[in-house]
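Input: a single structure, listed below in structure tokens.
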Amino acid sequence: MAEETDSDTWYVLRTFSNHEKKVRRYLESEIERLGLEDHVEEILIPTETVFEMKGGEKKTKEKTFFPGYILLNCTLTSELRDVAEDLPSVIGFLTAGTGDEPTQLREEEVKRILGKMDRAEEMGEQPEMPFKAGDPVKVVDGPFDSFNGIVEDVYPDKMKVKVMVSIFGRKTPVELDYLQVEHEE
Numbered sequence: 005m006a007e008e009t010d011s012d013t014w015y016v017l018r019t020f021s022n023h024e025k026k027v028r029r030y031l032e033s034e035i036e037r038l039g040l041e042d043h044v045e046e047i048l049i050p051t052e053t054v055f056e057m058k059g060g061e062k063k064t065k066e067k068t069f070f071p072g073y074i075l076l077n078c079t080l081t082s083e084l085r086d087v088a089e090d091l092p093s094v095i096g097f098l099t100a101g102t103g104d105e106p107t108q109l110r111e112e113e114v115k116r117i118l119g120k121m122d123r124a125e126e127m128g129e130q131p132e133m134p135f136k137a138g139d140p141v142k143v144v145d146g147p148f149d150s151f152n153g154i155v156e157d158v159y160p161d162k163m164k165v166k167v168m169v170s171i172f173g174r175k176t177p178v179e180l181d182y183l184q185v186e187h188e189e
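Numbering (this note's numbering), first residue to last: 5 to 189.
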């Protein structure tokens, strides 16, 4: 492997799923300890803020776009590569096919990922897609409060679901907001 590649180059570091933040902390710590800060521009875990309803309460959480992947904008030296690949919970750098060399992300891929993050940030908190067709739900708010039904359709762009509820013995479709229903237990 060449000792160095161009700076402002993005690489993908594969990790165990849901270990991305821990790996980033380890990596930042090792980079600082070994004085490799000049080689690393950015360590990025693409996320968006979503909310979900649990027990009638709105809970906010970070949702990772690509579980198990961390993006590194760096000059990848052999030392930096060894440090990253030797960390706990790291699988290794993403490579093309059978080769051993880490694959650089193309500029348009990076722009698309960063653009997706920007759009998510502009949109603010988004509800996590909590329902799918066929899910049994209970209405917890509005005129149909405490009715039970089955999700018929999901409208993620409007953050609504169509639920079939039984009103006077007849199945009736009702369009409700995500926040008005929760999974039946």
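Glycine is no exception: its CB is placed at the ideal position from the N, C-alpha and C atoms.
query	result
Close-in-space but distant-in-sequence residues of the same chain around M5 (CB under 7 Å, 5 per side omitted)	Residue confidence for M5 is low, a pLDDT of 37 falling below 50, so the modelled location carries little weight; the figure read from the coordinates is stated next. Answer for M5: S82, E105, listed in chain order.
Validate contact between the segment 95-112 and the segment 132-145 using beta carbons, cut 8 Å, 3 pairs	no
Cα-Cα separation between L118 and S150, rounded to whole angstroms	42 Å
Nearest-angstrom Cβ-Cβ length linking D181 and K164, presumed shorter than 8 Å	6 Å
Helix, strand or coil at G119 according to DSSP, with G and I counted as helix	helix
Opening and closing residue of the alpha helix (DSSP H) in which R174 lies	From DSSP, R174 is part of no alpha helix (DSSP H) but of the beta strand (DSSP E) over 174-181.
Minimum C-alpha distance to F148 - residue among D157, L183, L91, K115	L183
Check whether L80 and Y15 have beta carbons under 7 Å apart	yes
Buried/exposed call for R85, threshold 16 Cβ in 10 Å	buried
Selected residue, minimal CA-CA separation from G173, among E188, P160, V158, N152	N152
Cβ contact check for the segment 94-104 and the segment 40-55: 3 or more pairs under 8 Å	no
Neighbour-count burial assignment, E188, 16 or more Cβ in a 10 Å radius	exposed
Under the three-state DSSP convention, the category R29 falls into	helix
Residue from L48, T64, P71, K63 with nearest C-alpha to C78	L48
CB of L17 within 7 Å of CB of I74, strictly	yes
DSSP state of A6 mapped onto helix, strand, coil	In this prediction, A6 scores a pLDDT of 38, lower than 50, which makes its location untrustworthy; the coordinate-derived value is nonetheless stated afterwards. Correct three-state label for A6: coil.
Inter-residue Cα distance where the pair is K115 and D12	13 Å
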